[in-house]
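Asks: Residue numbers (the working numbering): 72 to 430.
Glycine residues also receive a C-beta, built at the ideal position from the N, C-alpha and C atoms.
Let me give you the structure first, and then I'll get to my questions.
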């Protein structure tokens, strides 16, 4: 090499693509026990119910109340229900998530690396992020698999991810897909699943049942006091973009439109509330109360959606599919049918791929 030669003459030609790595994609769902055994269910509930974003009370109250009283009482009952849910592949929430990961990876190709984790228990978010870190991905796109943003679900995932990567010495660029309540592919998936059920049977009414949260969670996140838990949710806009209730109504309106339903042909309600021992109202109307009144209104055949969940789980298969069906029939109803979740429907796989590429 000539030491007197100009730098431009000896510098290697830079390949713009040489420093570019794969894009990491992290899919996250809520979580599931490792097994339906009481000990594993207790471990899961302990982690879930002591999350400050789920039970937003001071730690000095939260830990003794839930770890010391609520979880020990609830775990054996929940384990019994989980045993009803478990099948030959295990937990549906887990294997549908792993199947989705595989299919999304195939669609995205070699320029992406897709990982899957659970907010609570296994596979953990930390293990999924470590997989991406070891692969030296250029950046990470995080998709919490909750269509409607809530601080207790999407917000908790975001907090956990940020807490983990804050301990990394090198932190790549990270972006979050915080909500997809009105995503066209998501809506199209549930619409296709609903139409398939409608082709099999005539229905008097449609129910869109969403997981409930305390009213205070909505109010705490209200932009400049915009939220009044009323007609403000009839329009989805920049002021209520992250209002869980407004997103649920937006999803319902779009699904109703895709299914050709009039306003009087469907009902929006909220399930899975904790009994108000703490005298704390949750989002209303309550699904279990709504469905019991339907037969008296002439709704004998009801099609039920649970569009807060993209994978079948305890809250869909057991709660809406079995427990609500029993309540409906005891109240005089005829036919109650649950629409399955997105799971790995081809339209949903394409929708996830599209959301990743757009972000």
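1. Would you give the residue range spanned by the alpha helix (DSSP H) that residue 210 belongs to?
2. Return the chain-ordered list of same chain residues with a C-beta closer than 7 angstroms to the C-beta of residue 262, the five sequence neighbours on each side being excluded.
3. Using three-state DSSP, classify residue 415 as helix, strand or coil.
4. Could you tell me which whole alpha helix (DSSP H) segments of length 4 or greater appear in the segment 346-406?
5. With a threshold of 8 angstroms between beta-carbons, can residue 297 be considered close to chain C, or not?
6. In angstroms, rounded to a whole number, what distance separates the CA positions of residue 347 and residue 354?
7. Measure the alpha-carbon distance for residue 169 versus residue 194 and round it to whole angstroms.
8. Residue 417 to residue 255, Cα distance in whole Å?
9. Beta carbon of residue 217, beta carbon of residue 199: below 8 angstroms?
10. With a Cβ-Cβ cutoff of 8 angstroms, do residue 340 and residue 315 count as a contact?
11. Taking residue 172 and residue 98 to be in contact with their CB atoms under 8 angstroms, please state how far apart those CB atoms are, rounded to whole angstroms.
12. Here's the rule I'm using: 16 or more other beta-carbon atoms within 10 Å means buried, otherwise exposed. How should residue 414 be labelled?
13. Using the Cβ count rule (16 or more neighbours within 10 Å means buried), how would you classify residue 412?
14. When you compare only the Cα positions, how much space is there between residue 49 and residue 228?
15. With distances taken from CA atoms, which of 154, 127, 299 and 112 is nearest residue 142?
16. Which complete beta strand (DSSP E) runs does the segment 137-218 hold, if anything under 3 residues is left out?
17. Residues bridged to residue 256 by DSSP?
Replies: Inspection of the coordinates gives the following:
1. Looking up residue 210 in the chain shown gives position 139. No alpha helix (DSSP H) holds residue 210; the beta strand (DSSP E) holding it covers 210-215.
2. Walking along the chain shown from the start, residue 262 turns up at place 191. Same-chain partners within the cutoff: 326, 329 and 330.
3. Here residue 415 refers to the residue found at position 344 when the chain shown is read from its first residue. When DSSP states are grouped into helix, strand and coil, residue 415 belongs to the coil group.
4. The segment 346-406 contains these whole alpha helix (DSSP H) runs: 358-364 and 395-401.
5. As a matter of chain content, chain C is missing from the structure shown, which is built from one protein chain.
6. Within the chain shown, residue 347 is the residue found at index 276, counting from 1. Within the chain shown, residue 354 is the residue found at index 283, counting from 1. At residue 347 the pLDDT is 49, less than 50, meaning the model places this residue with poor confidence; the figure from the coordinates comes in the next sentence. Whole-angstrom Cα-Cα distance: 12 angstroms.
7. Taking the first residue of the chain shown as 1, we reach residue 169 at position 98. Taking the first residue of the chain shown as 1, we reach residue 194 at position 123. Computed Cα separation, rounded: 10 angstroms.
8. Position 346 of the chain shown, counting from 1, holds the residue named residue 417. Position 184 of the chain shown, counting from 1, holds the residue named residue 255. Cα-Cα distance, rounded: 14 angstroms.
9. Within the chain shown, residue 217 is the residue found at index 146, counting from 1. Within the chain shown, residue 199 is the residue found at index 128, counting from 1. It is not a contact, given that the beta carbons lie outside the stated cut-off.
10. If you number the chain shown from 1, residue 340 lands on position 269. If you number the chain shown from 1, residue 315 lands on position 244. Contact flag unset, no.
11. Here residue 172 is taken as the residue at index 101 of the chain shown, counted from 1. Here residue 98 is taken as the residue at index 27 of the chain shown, counted from 1. Right, the Cβ-Cβ distance comes to about 6 angstroms (below 8 angstroms), so this counts as a contact.
12. Counting from 1 along the chain shown, the entry for residue 414 is found at position 343. Buried, by the Cβ-count rule.
13. Here residue 412 is taken as the residue at index 341 of the chain shown, counted from 1. Buried, by the Cβ-count rule.
14. Because the chain in this structure spans residues 72 to 430, residue 49 falls outside the shown range and cannot be described.
15. Reading the chain shown from its first residue, position 71 is the one you call residue 142. Here the closest residue by C-alpha is 112.
16. 183-192 and 210-215
17. Position 185 of the chain shown, counting from 1, holds the residue named residue 256. DSSP output for residue 256 lists no bridge partner at all.
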